[in-house]
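Numbering (the numbering used here), first residue to last: 20 to 438.
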Amino acid sequence: MYGDSNEFKSFYQNDPDYGSSIMPENTQKKQSPRRRGGAAALGVILALLVAVSAFAGITWLSVGGADVQDALPERQTAADTPEVRTQSYYPLTAGEGLTVPQVYQKVVESVVAISCELETETNAPNSFFFGYGYGYGQDPMPRSGSATGTGIVFSEDGYIITNHHVVEDAVKITVTTHDGSEYTAELVGSDENTDIAVIKIAASGLIPAEFGDSASVIVGEAALVVGNPLGSTFAETLTTGVISSTARTITINQSTMTLIQTDAAVNPGNSGGPLANSRGQVVGVVNAKISRDDVEGIGFAIPSSTAVRVASDIIDHGYVASRPMLGIIVRSVTSEQAAYYGLEAGITVTEVSEGSAAAEAGIEVGDKIIAFNGVAVSTSAELNYEKEKCRIGDAATITVMRGGQSMDLTVRLKGGTAN
Numbered sequence: 020m021y022g023d024s025n026e027f028k029s030f031y032q033n034d035p036d037y038g039s040s041i042m043p044e045n046t047q048k049k050q051s052p053r054r055r056g057g058a059a060a061l062g063v064i065l066a067l068l069v070a071v072s073a074f075a076g077i078t079w080l081s082v083g084g085a086d087v088q089d090a091l092p093e094r095q096t097a098a099d100t101p102e103v104r105t106q107s108y109y110p111l112t113a114g115e116g117l118t119v120p121q122v123y124q125k126v127v128e129s130v131v132a133i134s135c136e137l138e139t140e141t142n143a144p145n146s147f148f149f150g151y152g153y154g155y156g157q158d159p160m161p162r163s164g165s166a167t168g169t170g171i172v173f174s175e176d177g178y179i180i181t182n183h184h185v186v187e188d189a190v191k192i193t194v195t196t197h198d199g200s201e202y203t204a205e206l207v208g209s210d211e212n213t214d215i216a217v218i219k220i221a222a223s224g225l226i227p228a229e230f231g232d233s234a235s236v237i238v239g240e241a242a243l244v245v246g247n248p249l250g251s252t253f254a255e256t257l258t259t260g261v262i263s264s265t266a267r268t269i270t271i272n273q274s275t276m277t278l279i280q281t282d283a284a285v286n287p288g289n290s291g292g293p294l295a296n297s298r299g300q301v302v303g304v305v306n307a308k309i310s311r312d313d314v315e316g317i318g319f320a321i322p323s324s325t326a327v328r329v330a331s332d333i334i335d336h337g338y339v340a341s342r343p344m345l346g347i348i349v350r351s352v353t354s355e356q357a358a359y360y361g362l363e364a365g366i367t368v369t370e371v372s373e374g375s376a377a378a379e380a381g382i383e384v385g386d387k388i389i390a391f392n393g394v395a396v397s398t399s400a401e402l403n404y405e406k407e408k409c410r411i412g413d414a415a416t417i418t419v420m421r422g423g424q425s426m427d428l429t430v431r432l433k434g435g436t437a438n
């Protein structure tokens, strides 16, 4: 989570452009200038598309410096989880769903603690690739130290879902399971655009979480979070609340995403952990909160439908194969950056991949993209957000400025590849 421009608070640093899939080393490895832990913070703008427009600090929920090697608390005992019914009512107490202790007992066995040792490097500035797997952010920053977060067991043979921002830049990832066993994990793949990553440990017999349908959640139903706030000191903490919004569109460091909002308490270290309903089903992957002195109880989670799709793609293909791609590299300059650096604001195409959807549509280097399907776009995040409303094979209209003239080009979106 990040912030720190006066009212903003930060737990690690982030680059402004937030885009395509990050490949493991045997495919394509993105370098990026983010960091958590004790590093200095970057300013970000939180754009909440609600009736009230306001600035607020939004923070990833990973934390640096905590020691995940500490022993986990003893497993709590509770009655065996009964057969889960399928009613659409989601109580927080006993009744048609599970009791809170039963939800906890069902979910906690699928929760792991993650600790990362981070590398230090810098990054090339101010380019973004809407194509085949990597992107470069702006303002290179040093990164070092450690970070901790939470993960969700995805399969009994060791695949684990967490956040991209938890494991980004990690040179070593350590996982501690519910029974206290410790493993060194490998990064399978990571997707910066959705903030989802998959890691793998050499284990068997793990208890995978049950994932529910995030599209079926309703405002007011029970929301329960299990994770490791502040690292291992408070490992396997349960907090409860309700679903506050089923689809809150926010912008974090120029990355726009639609998340589930909850008032269940989330804190640094909860990143990558489950947001569960009263059936004990994971309906979201916790990743951010608003961090401001006058704000309480506004946390966010990636919908489970997104998390499962992206994780499955990463495991099966090594990248997000279901994502529509344009196949272009653009220079994205905000109005603030333009004023500071003396550049032209907006989205300018700097490269078009041969045979890509963009090339077939007639997009050329130097074109300035101003709209996607009739929606005005001025940053790479806005373009990416509108693009991801489409599916592979859809026809989309991209409006560009070329030679002082506006023109509409029809592009037939293609799928990505690992190369």
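Glycine included, each C-beta is placed from N, C-alpha and C at the ideal position.
Counterpart residues of residue i in DSSP-defined beta bridges
{"i": "A221", "result": "Beta-bridge pairing links A221 to no other residue."}
{"i": "G168", "result": "I133"}
{"i": "Y178", "result": "K219"}
{"i": "T270", "result": "T275"}
{"i": "V261", "result": "A241"}
{"i": "K433", "result": "M344"}
{"i": "E205", "result": "K219"}
{"i": "T252", "result": "None; T252 has no bridge partner."}
{"i": "S235", "result": "None, per the DSSP bridge assignment."}
{"i": "A189", "result": "L137"}
{"i": "K387", "result": "T367 and M420"}
{"i": "Q280", "result": "S264 and F319"}
{"i": "L428", "result": "I417"}
Through-space distance from residue j to residue i, alpha-carbon basis
{"i": "V244", "j": "S425", "result": "49 Å"}
{"i": "D176", "j": "F319", "result": "28 Å"}
{"i": "Q88", "j": "S223", "result": "Its pLDDT being 28, under 50, Q88 is placed unreliably by the model, and the measurement read from it follows with that caveat. Between Q88 and S223, the C-alpha separation is close to 21 Å."}
{"i": "G337", "j": "A216", "result": "11 Å"}
{"i": "T353", "j": "L432", "result": "26 Å"}
{"i": "G393", "j": "A326", "result": "28 Å"}
{"i": "E229", "j": "V131", "result": "15 Å"}
{"i": "V207", "j": "G316", "result": "33 Å"}
{"i": "D313", "j": "A284", "result": "15 Å"}
{"i": "V126", "j": "A307", "result": "20 Å"}
{"i": "G170", "j": "I133", "result": "7 Å"}
{"i": "K48", "j": "E187", "result": "Note that K48 scores 38 on pLDDT, short of 50, meaning its location in the model is unreliable; the coordinates nonetheless yield the value given after this. Their Cα atoms are separated by approximately 11 Å."}
{"i": "G168", "j": "T398", "result": "30 Å"}
{"i": "L117", "j": "G250", "result": "28 Å"}
{"i": "A189", "j": "D427", "result": "43 Å"}
{"i": "G361", "j": "N286", "result": "39 Å"}
{"i": "D282", "j": "V339", "result": "30 Å"}
{"i": "G423", "j": "R350", "result": "18 Å"}
{"i": "S174", "j": "G435", "result": "25 Å"}
{"i": "G57", "j": "S372", "result": "Unreliable placement is indicated for G57, whose pLDDT of 36 sits below 50; no coordinate value is reported for it."}
{"i": "T369", "j": "L402", "result": "15 Å"}
{"i": "H197", "j": "S233", "result": "25 Å"}
{"i": "I321", "j": "T277", "result": "8 Å"}
{"i": "S375", "j": "T195", "result": "43 Å"}
{"i": "V396", "j": "T367", "result": "11 Å"}
{"i": "K28", "j": "R311", "result": "With a pLDDT of only 30 at K28, under the threshold of 50, the placement of this residue in the model should not be trusted; the figure read from the coordinates follows. Straight-line Cα distance between these residues: approximately 7 Å."}
{"i": "R328", "j": "I309", "result": "26 Å"}
{"i": "I382", "j": "T252", "result": "53 Å"}
Inter-residue CB distance, residue i and residue j (contact presumed, cutoff 8 Å)
{"i": "M344", "j": "K387", "result": "That pair is no contact at about 20 Å."}
{"i": "T418", "j": "A380", "result": "Going by Cβ atoms, the distance from T418 to A380 rounds to 12 Å, so no, they are not a contact pair."}
{"i": "V302", "j": "S331", "result": "No, V302 and S331 are not in contact; Cβ-Cβ is about 17 Å, not under 8 Å."}
{"i": "E205", "j": "S165", "result": "Not really, about 18 Å apart at Cβ, beyond 8 Å."}
{"i": "A377", "j": "G412", "result": "Actually they are not in contact, since the Cβ atoms of A377 and G412 sit about 15 Å apart, beyond 8 Å."}
{"i": "S274", "j": "A400", "result": "5 Å"}
{"i": "L225", "j": "V172", "result": "5 Å"}
{"i": "A414", "j": "F391", "result": "With a Cβ gap of about 12 Å, A414 and F391 do not count as contacting."}
{"i": "S129", "j": "P248", "result": "Going by Cβ atoms, the distance from S129 to P248 rounds to 18 Å, so no, they are not a contact pair."}
{"i": "L294", "j": "A221", "result": "About 28 Å; that fails the 8 Å criterion."}
With 16 other Cβ atoms within 10 Å as the buried cut-off, status of residue i
{"i": "T256", "result": "buried"}
{"i": "V384", "result": "exposed"}
{"i": "D335", "result": "exposed"}
{"i": "T203", "result": "exposed"}
{"i": "E363", "result": "exposed"}
{"i": "K191", "result": "exposed"}
{"i": "R410", "result": "exposed"}
{"i": "Y450", "result": "Since the first and last residues shown for the chain are 20 and 438, residue 450 lies out of range."}
{"i": "K406", "result": "buried"}
{"i": "K408", "result": "exposed"}
{"i": "E355", "result": "exposed"}
{"i": "G365", "result": "buried"}
{"i": "A254", "result": "buried"}
heavy atom of the ligand ZN below 6 Å from residue i C-beta
{"i": "D413", "result": "This structure does not include the ligand ZN; it has no bound ligands of any sort."}
Interface flag, residue i vs chain C, CB-CB below 7 Å
{"i": "G361", "result": "Among the protein chains of the structure shown there is no chain C, as only one such chain exists."}
* Asked: With contact counted as at least three CB pairs below 8 Å, one residue from each stretch, are the region 258-268 and the region 207-220 in contact?
  -> no
* Asked: Is it true that the region 252-263 meets the region 224-241, where meeting means three or more beta-carbon pairs spaced less than 8 Å apart?
  -> yes
* Asked: Below 8 Å, can you find three or more Cβ-Cβ pairs linking the region 282-295 to the region 175-185?
  -> yes
* Asked: Does the count of Cβ pairs from the region 115-124 and the region 292-312 closer than 8 Å reach three?
  -> yes
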